[in-house]
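Only one structure is covered here, and it is reproduced in the block below.
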């Protein structure tokens, strides 16, 4: 049995911006509430897909406060807090704990390359010591394709041993199912999320916690259906269907593609905006993407039930 | 003739921390003043060597304010302001401009990989537009071995063309002299600093601005001597001597090695402290490093003249 407080399908919610590139809390709140209504068990806000590292600490804290004060349950939020700066990680983590969030998703500091496990251990341990709150639950965020720096198996073991009940899980975005499977087997009770839905059935079969996947921003309903049916006869068919959708989205820069799709089903141009260094998709490209998705069986999401 | 306001030898000053890992402004001010007395024409504070990305925006602003208020001339400071977050870059850049600093040294946003030149152009241009101050002078900070993301020749050309007199130079820490030489030739008036002293004589011969080099933190006097003598008969000998010192320091993690050496010539244990994810050298290792340096002709710096 995993120590994870949460399991299932989590969307790493995208972060909307206005035309002035300022974070748009109104659109953000609506999107997060809709994701929870659409099948997500919880949300991983301020991750890679959420353009979190393109936001300041102040902007991240303000958005989280807005979300919780507008009725998004803090217990259903995993908050990305990993930054290059130790002071920023500690400030964001403390803030998330005080807000009552289910946990934090912590990138390693990713500026310096070729750092040692000892240095990364100190980064995490110093943060935990500074926060000094036994409500803290840390999920490590392993995403070497983007962050370059990652958590080795040895380092994870050391952290789990040093902070039992605090360092309780990981999101494995290595993109390597063999690595995810190894993690699930390595540490009893450790909550292992896959970083995409390709291996969702396998993740659950081997005892993982589910997945935290970018595409849930537009395809939560189908991915949730797969989660609920993974041990049924139709699981392979459902898995194939969500894989197809992901594969099509994966032909484009993912964050811009997700925002493009959202802009269409919400009929809201403003949703296309991304912060530099990302670049939005043109309307023309979004249209082509949507046509391809729909021709492959993708169902445009239902956004009814707003402002509940 | 280069548009650069500054040229010569710049130390990317290391940032000292207390045992509690808080930035130590007293040691920082003393070190910066000493560097300027020891031959540095100017300082590049808050760069890679300065562990800037391990600091919060607040910490960086506070340290800069302390430095200037304690008499370090702002006109001799290039301030590192590049971060992943657009809002942070804009805030730090505006702060440096208001403080009257000679310029800023701007990393590209480095979290997302495989970003486009268009996205990176927008990052820099949006910052320039937000700062909206014609005193702003931007030096691009190209250091792909650490940041992974860099500035392509095409992108540099586009920025120089869009912001003449504002985007005026670059620090090339590619570690590739052929690349630096290409940059010097490519853009008339563009100020090109080498990221180390290995190619200092060549940099000056071809019309570059000098170098911004980590080792100046402990070897400023010798590197300055080479700068002043680059067209003299003894230049090769002086170049070889600084190269030897750098090669020895390069056998160790550079920032920890520099702080270790400083801790010895200042007889101040506290100077060894680095912030995670870096790890300090042990006293034993520092001792071995210093013995090797001295046996190869390195002269321990003179720290007299403090509190002038």
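Chains as they are written, first to last, in this note's numbering: chain V, 5 to 312; chain P, 5 to 312.
By construction, the Cβ of each residue, glycine as well, lies at the ideal position given by its N, Cα and C atoms.
Everything numeric in this text was worked out from a predicted model, so none of it was measured.
Three-way DSSP call (helix, strand, coil) for residue i in this model
i	result
residue 277 of chain P	coil
residue 302 of chain P	coil
residue 149 of chain V	helix
residue 174 of chain V	strand
residue 108 of chain V	strand
residue 5 of chain V	Legend: pLDDT at residue 5 of chain V = 47, less than 50; position of this residue unreliable, value from coordinates given subsequently. In the structure shown, residue 5 of chain V sits in coil (DSSP, three-state: anything other than H, G, I, E or B).
residue 84 of chain P	strand
residue 72 of chain V	helix
residue 190 of chain P	helix
residue 93 of chain V	helix
residue 204 of chain P	helix
residue 307 of chain P	coil
residue 142 of chain V	strand
residue 312 of chain V	Its pLDDT being 48, under 50, residue 312 of chain V is placed unreliably by the model, and the measurement read from it follows with that caveat. If DSSP states are grouped into helix, strand and coil, residue 312 of chain V belongs with coil.
residue 101 of chain P	helix
residue 286 of chain V	coil
residue 19 of chain V	coil
residue 77 of chain V	coil
residue 236 of chain V	coil
residue 182 of chain P	helix
residue 211 of chain P	coil
residue 2 of chain P	Here chain P has residues from 5 to 312 only, and residue 2 of chain P is not among them.
residue 272 of chain P	coil
residue 154 of chain P	coil
Proximity of residue i and residue j at Cβ, strictly below 9 Å
i	j	result
residue 39 of chain V	residue 220 of chain V	yes
residue 198 of chain P	residue 216 of chain P	yes
residue 253 of chain P	residue 293 of chain P	yes
residue 90 of chain V	residue 130 of chain V	yes
residue 100 of chain P	residue 71 of chain P	no
residue 19 of chain V	residue 68 of chain V	no
residue 184 of chain V	residue 140 of chain V	no
residue 301 of chain V	residue 248 of chain V	yes
residue 66 of chain V	residue 113 of chain V	no
residue 106 of chain P	residue 259 of chain P	no
residue 173 of chain P	residue 155 of chain P	no
residue 157 of chain P	residue 178 of chain P	no
residue 54 of chain P	residue 78 of chain P	no
residue 57 of chain P	residue 115 of chain V	yes
residue 175 of chain V	residue 143 of chain V	yes
residue 41 of chain P	residue 309 of chain P	yes
Terminal residues of the alpha helix (DSSP H) in which residue i lies
i	result
residue 157 of chain P	157-166
residue 267 of chain P	258-269
residue 231 of chain V	220-233
residue 125 of chain P	121-135
residue 195 of chain P	Here residue 195 of chain P belongs to no alpha helix (DSSP H); instead the beta strand (DSSP E) covers 195-198.
residue 40 of chain V	29-41
residue 57 of chain V	Premise fails: residue 57 of chain V is in no alpha helix (DSSP H) and is neither H nor E.
residue 25 of chain P	Unbroken run through residue 25 of chain P: none, as it is neither H nor E.
residue 247 of chain V	239-253
Endpoints, the beta strand (DSSP E) within which residue i is located
i	result
residue 216 of chain P	214-216
residue 15 of chain P	12-15
residue 118 of chain V	It is not in any beta strand (DSSP E) - residue 118 of chain V carries neither H nor E in the DSSP assignment.
residue 47 of chain V	46-49
Expected contact under 8 Å - CB spacing of residue i and residue j to nearest Å
i	j	result
residue 191 of chain P	residue 164 of chain P	5 Å
residue 21 of chain P	residue 268 of chain P	Rounded, the Cβ-Cβ distance is 17 Å, inconsistent with contact.
residue 83 of chain V	residue 108 of chain V	5 Å
residue 251 of chain P	residue 15 of chain P	The Cβ separation is near 18 Å, so there is no contact.
residue 86 of chain P	residue 124 of chain P	About 11 Å separates the two Cβ atoms, so there is no contact after all.
residue 135 of chain P	residue 52 of chain P	The Cβ separation is near 22 Å, so there is no contact.
residue 262 of chain V	residue 246 of chain V	In fact, because the Cβ distance is near 14 Å, the residues do not count as touching under 8 Å.
residue 46 of chain V	residue 75 of chain V	That belief does not hold up - the Cβ atoms of residue 46 of chain V and residue 75 of chain V are roughly 15 Å apart, past 8 Å.
(Q) To be precise: take each residue of the segment 139-170 of chain P, compare its Cβ to all Cβ atoms of chain V, and keep it if any distance is under 8 Å. Which residues remain? (A) When C-beta distances to chain V are compared with 8 Å, the residues of the segment 139-170 of chain P below that value are 149, 150, 151, 152 and 153, in chain order.
(Q) To be precise: take each residue of the segment 14-31 of chain P, compare its Cβ to all Cβ atoms of chain V, and keep it if any distance is under 8 Å. Which residues remain? (A) From the segment 14-31 of chain P, only 25 have a Cβ closer than 8 Å to chain V.
Q | Chain-ordered residues of the segment 120-131 of chain V with a beta carbon less than 7 Å from chain P | A | 120, 122, 123, 124, 126, 127 and 130
(Q) Tell me which residues of the segment 58-85 of chain P have at least one Cβ-Cβ distance to chain V shorter than 8 Å, keeping chain order. (A) 58, 59, 60, 61, 62 and 63
(Q) Closer than 9 Å between beta carbons: that is the criterion. Which residues of the segment 262-285 of chain P meet it against chain V? (A) 278, 279, 280, 281, 282 and 283: these are the residues of the segment 262-285 of chain P whose beta carbon lies less than 9 Å from some beta carbon of chain V, given in chain order.
**Q.** Interfacial residues, the segment 95-119 of chain P to chain V, with Cβ spacing under 8 Å
**A.** 95, 112, 113, 114, 115, 116, 117 and 119
Q) What residues in the segment 174-188 of chain P bring their beta carbon closer than 9 Å to a beta carbon of chain V? A) none
Q | Near-chain P residues of the segment 237-265 of chain V (beta-carbon distance less than 7 Å), N- to C-terminal order | A | none
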